[in-house]
Each structure stands twice: as C-alpha cells, then as structure tokens.
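Q: Using the working numbering, the letters of the sequence shown correspond one by one to residues 1326 to 1668.
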Amino acid sequence: MLEWKPTVKSKFFTNREILIYLFLFVGVCVLLFPKERLKTYVLVPERVNLELSIIYAKNILKTQEDPLFRLHLVDSLIQAGRLEEAEREAKKLIGTQYTQRAYLALFKIEKIRYFSGKMSNKNLLQEYLLSALESTKEKELLIEIRKEALSMDLPEVVMISTERLYMLDRNVNWLKEVYNYAIALGKTEKALIYAFELYKSDPRGREQYINDIVYLLKKEPSGQQILEKQKKFIGEALYQNIITKLTTEVVASANTPIAIIEYTELFKKTKDYSERKKLFRKIVQLYLWSGDYQGLKVFISTYYKEFIRDKELARFILKSSMETGDTNFAQEIAKDIKEVYLK
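Written out as structure tokens, the structure reads:
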C-alpha cells in the first residue's frame, strides 16, 4: 500500500489568477459599495495601496468622466512609476479646469526622466512650467510651480511665478525677489518697472532704488522712452528727481576718474560704517559709469567682504560684479555671498 504524502505548493495562486481575482474584487466593490465611498478612498492623498487606488479610479472613470478623478489617477500613476500611462492620462486633462495642474504633472514626469538620464535638456521642463503658469491665479499652485522651478534652476519661471505671487498678495518681499531676478537675467525694462514699484512700496530703500533707476536708464538704449511711458505711474515729483539725477551725472561723468580718486581717499579715511557704505556704493557706481571694469574689480575685491553681511549691499555687490562682464569674477563673489547666507 502506497503511503499518502501531503505536498505543499510554493504558490497558492499564479500572478495571473491574483490579477483576475483583484479585478473581480474591484468589480464587486463597485457594484456593492456606494460610489461615494470609493470616491473618498481614491481622493485620499496618502494612498496606502497605489495599485488598488489606480484600479478604483479607472473603474469610476469608466462610468463617469470626472477630471478630478483623472487628476488623482495621474498622481497615483506617477507615484507608481507608470510614467507613459501617467503622461497619456495627463494630456487628456488639457482643456479642462485642471489644465494647469496637467502641465505640472507632465513637468513632474519629465523631471523623473531627466534625473534617470532618459532626457538630456531642460527646455521641455521649462515649457511645461510656463504652460502651467498661463492664467494661473491659485496661490498654492504658484508656490508649487516656483518651488519646482527653483529645484531645476529655471530662473525665468521663478521670476514669473514670483511676480504672480506679488500680484496676488502684494507682499513686497516677492517684488524684491522678482526685481533681483530681472537684473540677473538682463531684463532691464522689467527691472525698471519693478524698481519704480519698489520705490513706492518700500520707502526705506528709496535712495537705493532711485540710484538703481538712474543706472538702469543710462544702461538701457530705450531708457528715455521707458521713463516717458512710466511718467504717469511714477508721478511728476519722482520723474523730475530722476531727470535731475540723470542730467547731473551726465555732466559729472567727464570728471569721473578724478572723482573716483577723491571719493576713494575719503573712503579710506572714513571710520563710520554707515558713511563707508554710502561711499562704497558711490565709488562702485562711478567705476561703472566710467566703464573702468578692471578698476572696479580691484576695488570690489579689496573691500566687499566688509559689507557682505548687509543683505541690500550684498545684492548690490553681486549685481555690480556681474556688470564687469567677467563671469569668473562674478562667480567668486556669488560663492562667498552664498557661503555667508546659506550656512
């Protein structure tokens, strides 16, 4: 008589059987449980089981087209690493009320590809974020776009998203950041418009802004036209002040080399920090107006560390170092400033 020996399979079900069972289970859930319950599960941000959430969302979308569920499906697919499928679903949202979020999702997909080496340039990343910015007025979304742009070093997108944030809540800190980006990107006309706005919004920095405005107007070939165009916005008093400064500096520029020597001697003798700051700024501006960039580099290199912890002056130093046209010099200055503020 043969002895009966029980055997144990290594797997109770094959993968195919498990998948069929899962689909049957979800189908029964859709039939037996109220749709709102399933919707609640799908819309929970912290989804415990991504695959189940994806299946639920797909089944709901079969019976009812709902862009919000499609958006959550896209998010789940990205989290699950199913990028091609996520991309197809995201493109279906373009033209709906979630168009901007669809473009943000497409950005996130390309960002994953970028870091995995499957795409080599950032042009598409910028294109998607700029598309997401179109007509966006939702603060939460603007902050997210700005954060993503910062993470991928996309300064133009940072500038535009920050400008939109300023337009929403009129926080002058947003405007200061936009202004600095406009200068760094060489967008002189925009920088002038922001400087005019800052002159009105930030009374404590008026002396700095009017000096910046005069410098930018001299640098920009169409400066006079921009000034005339903005005359009504800035008001007669500021307009006349700018014209006076422009005229005075044009006359003074002929004697700039002598003025540099005189101001530098005064700077060396002065001990008062507040006066030294004013003289430092004046000397740098004189070097810029004279076009003596080599002399400017020597002067900045010698004295900038004394003022590096003053945020406003640090920005001025960085901007002036960039104006020399020597990128290596500007990078060294930027590196030192970064070390001070990012410790």
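Ideal placement from N, C-alpha and C gives every residue a C-beta, glycine not left out.
Keep in mind the model is a prediction, meaning the values are calculated, not measured.
Could you check if LYS1360 is buried or exposed, using at least 16 other CB atoms within 10 Å of its CB as the buried criterion?
A: Note that LYS1360 scores a pLDDT of 48, beneath 50, so its modelled location is shaky and nothing firm can be said.
Q: Does ARG1495 come out as helix, strand or coil in the three-state DSSP assignment?
A: Coil, per DSSP.
Q: Residues in the same chain with beta-carbon distance under 6 Å from LEU1479, minus the five sequence neighbours each way, listed in chain order, please.
A: Cβ neighbours of LEU1479 beyond the five flanking positions: GLN1451.
Q: Distance check for ARG1495 and SER1526, CA to CA, integer angstroms please.
A: One C-alpha to the other measures close to 9 Å.
Q: Would you decide whether GLN1565 is buried or exposed? Buried here means 16 or more other CB atoms lie within 10 Å of its CB.
A: That one is exposed.
Q: Let me confirm a value: TYR1540 is counted as buried when at least 16 other C-beta atoms fall within 10 Å, else exposed. Which label applies?
A: Flag for TYR1540 reads buried.
Q: Which one of SER1378, LYS1602, THR1649, TYR1453 has the shortest CA to CA distance from GLU1532?
A: It is LYS1602.
Q: Taking GLU1376 as the reference, give the member of LEU1542, GLN1389, LYS1543, ASP1400 with the closest Cα.
A: Ranking the options by Cα distance to GLU1376, first place goes to ASP1400.
Q: Label ALA1415 either buried or exposed according to how many other C-beta atoms from any shown protein chain fall within 10 Å of its C-beta, with 16 as the threshold for buried.
A: When all chains shown are included, ALA1415 counts as buried.
Q: Do you know offhand how far LYS1630's Cα is from GLU1561's?
A: Each residue's Cα considered, the two are about 39 Å apart.
Q: Might you give, ordered along the chain, the residues of its own chain that have their beta carbon closer than 8 Å to the beta carbon of GLN1555, omitting 5 neighbours on each side?
A: So the qualifying residues of the chain are LEU1517, ILE1518, PHE1521.
Q: In whole angstroms, what is the alpha-carbon distance linking GLU1657 and TYR1491?
A: In a straight line, the C-alpha of GLU1657 is about 31 Å away from that of TYR1491.
Q: Inspect the beta-carbon positions of ILE1468 and ALA1430 and report whether they are closer than 9 Å.
A: It is not a contact, given that the beta carbons lie outside the stated cut-off.
Q: For THR1595 versus ILE1608, is the C-beta distance shorter than 9 Å?
A: Result no, Cβ atoms of THR1595 and ILE1608 do not sit closer than 9 Å.
Q: Ignoring anything shorter than 4 residues, give me the alpha helix (DSSP H) runs that lie fully in the region 1503–1563, in order along the chain.
A: Listed in chain order, they are 1513–1526, 1531–1544, 1548–1559.
Q: Could you check the C-alpha separation between GLU1664 and LYS1644 for me, to the nearest Å?
A: Spanning the two alpha carbons is a distance of roughly 17 Å.
Q: Among residues of its own chain, excluding the 5 on either side of PHE1654, which ones have a beta-carbon nearer than 7 Å to its beta-carbon?
A: Excluding positions up to five away in sequence, the list reads LYS1622, SER1646.
Q: I believe LYS1436 touches MET1477 by the beta-carbon criterion, under 8 Å. Please report the beta-carbon distance rounded to the nearest angstrom.
A: About 7 Å separates the two Cβ atoms, so the contact holds.
Q: If I follow the unbroken alpha helix (DSSP H) through ASP1400, where does it start and stop?
A: Element bounds for ASP1400: 1392–1404.
Q: Where LYS1581 and GLN1610 are concerned, what is the direct C-alpha to C-alpha distance, given to the nearest angstrom?
A: With the sequence shown as reference, residue 1581 is identified as Thr, and Lys is not the correct amino acid for it. Their backbone Cα atoms lie some 10 Å apart in a straight line.
Q: Indicate the three-state DSSP secondary structure (helix, strand or coil) for ILE1633 in the structure shown.
A: Coil, per DSSP.
Q: Identify the continuous alpha helix (DSSP H) that holds LYS1663 and give its terminal residues.
A: That run of the alpha helix (DSSP H) goes 1652–1666.
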